[in-house]
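Participant:
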Amino acid sequence: MKKKNLIFAIYKHLFDAFGPQHWWPGDTTEEIIIGAVLTQNTSWENVRKALDNLKNAGALNLETISKLSTPVLASLIRPSGYYNIKEKRLRAVADFFLSRCGGDFSRLKSLPLEKLRSEILEVYGVGPETADSILLYALDRPVFVVDAYTMRMGRRHGLFDDRADYESVRSLFESSLDRSLTLFNEYHALLVRLGKEFCRKRPGCRNCPLHSSRFYSKAICR
DNA sequence: GACCAGGCACATC
DNA sequence: GATGTGCATGGT
Numbered sequence: 546m547k548k549k550n551l552i553f554a555i556y557k558h559l560f561d562a563f564g565p566q567h568w569w570p571g572d573t574t575e576e577i578i579i580g581a582v583l584t585q586n587t588s589w590e591n592v593r594k595a596l597d598n599l600k601n602a603g604a605l606n607l608e609t610i611s612k613l614s615t616p617v618l619a620s621l622i623r624p625s626g627y628y629n630i631k632e633k634r635l636r637a638v639a640d641f642f643l644s645r646c647g648g649d650f651s652r653l654k655s656l657p658l659e660k661l662r663s664e665i666l667e668v669y670g671v672g673p674e675t676a677d678s679i680l681l682y683a684l685d686r687p688v689f690v691v692d693a694y695t696m697r698m699g700r701r702h703g704l705f706d707d708r709a710d711y712e713s714v715r716s717l718f719e720s721s722l723d724r725s726l727t728l729f730n731e732y733h734a735l736l737v738r739l740g741k742e743f744c745r746k747r748p749g750c751r752n753c754p755l756h757s758s759r760f761y762s763k764a765i766c767r
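See below:
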């Protein structure tokens, strides 16, 4: 099967198995941006705790985050791990959006996607995955988010080898699929769902669709 | 106690 | 340009 067809077949497979995921798990644009930083190399359960702390402190917004003192902000996000680093990153991201658009994200609408992407990538603490998560889920831009699950699944199914970098994988998925906001949204969310469903809290992970090349087995065709 | 989780910046070779 | 390392909590 050609890669392009395989990539769409995998999507269809996941969608049929799990249904729409309606991502991101967050209510506001700012909450999504904050969550995107906090979830770096961290389980969502821990991020949820940090988001709850911020919410209870009335700090689940960029303006307040920017004003909080370093020790207070760090202590609020402590459950999400790497709290000293993430305090700096979160502040940098908050300051960027506040200065760039004053918290009015509609002002960014006229910017070309790649221009906006490169600006966000320059912010301290924002790498490709965080930038693309923000673009796709917070700013409604059609970019494909590549994450650890995407890499694992893609390698196991021969879409690319284990040295493929972020940009080449993103390019592969984007060129193989219609550039659709909802498609990119669901695809990434479904891959995360797949990972959570089969790679965590489960012994014998090697049999899961992410780790097996037998994707079309009955593993997710229940 | 070891290992993992929706990365990233920085140092070193 | 590739590879290694620090960052840290909470669950399994």
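With this note's numbering applied, the first sequence covers 546 to 767.
We treat Cβ as the ideally placed atom computed from N, Cα and C, and that holds for glycine.
Since the structure is predicted, the reported quantities are computational estimates derived from the model, not experimental observations.
Would you say the beta carbon of L635 comes nearer than 8 Å to a heavy atom of the ligand GTP?
Facilitator: Among the components modelled here there is no ligand, and therefore nothing to report on the ligand GTP.
Participant: Helix, strand or coil for H567, going by three-state DSSP, please let me know.
Facilitator: Here H567 sits in coil by DSSP.
Participant: So, does the segment 654 to 671 touch the segment 630 to 637, judging by three or more C-beta pairs under 8 Å?
Facilitator: Touching, yes, given that three or more Cβ pairs across the two stretches are closer than 8 Å.
Participant: Assuming the contact rule is C-beta atoms closer than 8 Å, A595 and S620 should be a hit. Round their C-beta distance to whole Å, please.
Facilitator: With 8 Å as the limit, A595 and S620 do not qualify as a contact, their Cβ atoms being about 10 Å apart.
Participant: Using 8 Å as the Cβ pair cut-off and three pairs as the minimum, do the segment 650 to 661 and the segment 700 to 707 touch?
Facilitator: Segments in contact, no.
Participant: Can you look up M698 in the DSSP assignment and give me helix, strand or coil?
Facilitator: Helix, per DSSP.
Participant: Taking just the CA atoms, how far does F718 sit from I552?
Facilitator: Straight-line Cα distance between these residues: approximately 7 Å.
Participant: Go through its chain and collect everything with a Cβ distance to V691's Cβ below 6 Å, but skip five positions before and after it.
Facilitator: Cβ neighbours of V691 beyond the five flanking positions: Y711, V714, R715.
Participant: Along the chain, where does the alpha helix (DSSP H) that runs through F641 open and close?
Facilitator: F641 -> alpha helix (DSSP H) spans 628 to 646.
Participant: Assign E590 to one of two classes, buried (16 or more other C-beta atoms within 10 Å of its C-beta) or exposed (fewer than that).
Facilitator: The residue is exposed, with fewer than 16 neighbouring Cβ atoms inside 10 Å.
Participant: Name the two residues that bound the continuous alpha helix (DSSP H) containing L616.
Facilitator: Note that residue 616 is Pro in the sequence shown here, rather than Leu. Its alpha helix (DSSP H) spans residues 615 to 621.
Participant: Among R686, S720, E742, which one has its Cα closest to the Cα of N730?
Facilitator: Of the candidates R686, S720, E742, the one whose C-alpha sits nearest the C-alpha of N730 is R686.
Participant: For R686, does the three-state DSSP call read helix, strand or coil?
Facilitator: Note: R686 maps to coil in three-state DSSP.
Participant: Report the option in G564, A709, V688 whose CA atom is closest to the CA atom of R697.
Facilitator: It is A709 whose Cα lies nearest to the Cα of R697.
Participant: Among the candidates I610, L607, P616, K741, whose CA atom is the shortest distance from the CA of T695?
Facilitator: Of the listed residues, the one whose Cα sits closest to T695 is K741.
Participant: For I577, collect the residues of the same chain with a Cβ closer than 6 Å to its Cβ; drop the 5 residues on either side in sequence, then sort them by chain order.
Facilitator: For I577, where only same-chain residues beyond five positions count, the Cβ hits under 6 Å are W569, G571, Y682, A683.
Participant: Please confirm whether G647 and N606 have their CB atoms less than 9 Å apart.
Facilitator: No, the Cβ-Cβ distance between G647 and N606 is not below 9 Å.
Participant: Assign A562 to one of three DSSP states: helix, strand, or coil.
Facilitator: Of the three classes helix, strand and coil, the one that applies to A562 here is helix, per DSSP.
Participant: Mapping DSSP to helix, strand and coil, what is S711?
Facilitator: It should be pointed out that residue 711 corresponds to Tyr in this sequence rather than to Ser. Correct three-state label for Y711: helix.
Participant: Confirm, please, whether the CB-CB distance from K631 to V582 is below 9 Å.
Facilitator: A contact, by the Cβ cut-off of 9 Å.
Participant: Determine the direct distance from the alpha carbon of K548 to that of A554, and round the result to whole angstroms.
Facilitator: Roughly 10 Å between the two C-alpha positions.
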